[in-house]
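Visitor:
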Amino acid sequence: MLRMKVLASVVPLAVAAVFARAEFLPGPRPCIEVGGATMQIASVPWQAQLRVSFTDDPRLATVRVRVADSAEAADFTVIDDIDDAEAGACESNAVPQLIGISSAPTATGPVIYLSHDGPFDYRVYVQSKTFSVRDAAALIVSARGGHRRLEAASLEPHARFVDQTMAELTSR
């Protein structure tokens, strides 16, 4: 009888802890810091302040991201060939803006089309154990404010990328 009372009091606390923290055992989550703002992939969808989605149809995309073949050809590069992330690389006093990757497009969020060729708004290169190409694309598009391809349609590709994005990368 005492075991049932203990179990009955512990189970709700464990469930509350999981929902409060949104994960039982925290794992590494992709995170970047750009210009003092911290962006991080949310561990659960309901925590996200900004949602992005992906499409296989380039006509539905608001942002096109090309997967570059080399770091030199990319505007945003993620390489983490070290065993541990730099301590405090994505730590700041501000709470990170959480980015959610949605399975369906939203009316306000960017819709990203990933490709290896064709026109692009951004180029990413990823060689990482913790970041996927989708994570990197979601973070760079979010960091740049969900840049719309229609706004830059008249610019030459090289004119848009005079300064490459410099970011500190880590996983929390």
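Just add 2 to wherever you are in the sequence shown, counting from 1, and you've got the numbering used here. A virtual CB, placed ideally from N, CA and C, is assigned to each residue, including glycine. Quick caveat: nothing in here was measured; it's all calculated off a predicted structure.
#1: Report yes or no: do three or more beta-carbon pairs, one from the stretch 100-118 and one from the stretch 56-64, lie closer than 8 Å?
#2: Can you tell me whether A39 is helix, strand or coil according to DSSP?
#3: Tell me whether P98, by its Cβ, gets closer than 7 Å to a heavy atom of the ligand GTP.
#4: Go to V128, then tell me how far its beta strand (DSSP E) extends in each direction, as first and last residue.
#5: Going straight from the alpha carbon of V143 to that of V128, what length do you get?
#6: Between R136 and S117, what straight-line distance do the alpha-carbon atoms span, to the nearest angstrom?
#7: With H, G and I counted as helix, E and B as strand and the rest as coil, what does DSSP make of P46?
#8: For L116, which residues does DSSP report across the bridge?
#9: Could you please give the first and the last residue of the uninterrupted beta strand (DSSP E) stretch that includes S104?
Guide: In brief:
#1: Yes, the stretch 100-118 touches the stretch 56-64.
#2: The residue labelled residue 39 in the question sits at position 37 within the sequence shown. Residue state, collapsed to three classes: strand.
#3: The model depicted lacks the ligand GTP and carries no ligand whatsoever.
#4: Within the sequence shown, residue 128 is the residue found at index 126, counting from 1. Going by DSSP, V128 is part of the beta strand (DSSP E) stretching over 124-129.
#5: Within the sequence shown, residue 143 is the residue found at index 141, counting from 1. Within the sequence shown, residue 128 is the residue found at index 126, counting from 1. Each residue's Cα considered, the two are about 15 Å apart.
#6: Locating residue 136 in the sequence shown gives position 134, counting from the first residue. Locating residue 117 in the sequence shown gives position 115, counting from the first residue. Their Cα atoms are separated by approximately 11 Å.
#7: Taking the sequence shown and counting its residues from 1, the one referred to as residue 46 is at position 44. Per the sequence shown, the amino acid found at residue 46 is Val instead of Pro. Coil at V46, not helix or strand.
#8: Here residue 116 refers to the residue found at position 114 when the sequence shown is read from its first residue. Residue pairing from DSSP places L116 in a beta bridge opposite V67.
#9: Here residue 104 corresponds to residue number 102 of the sequence shown, with the count starting at 1. Secondary structure note for S104: its beta strand (DSSP E) is the uninterrupted segment 99-104.
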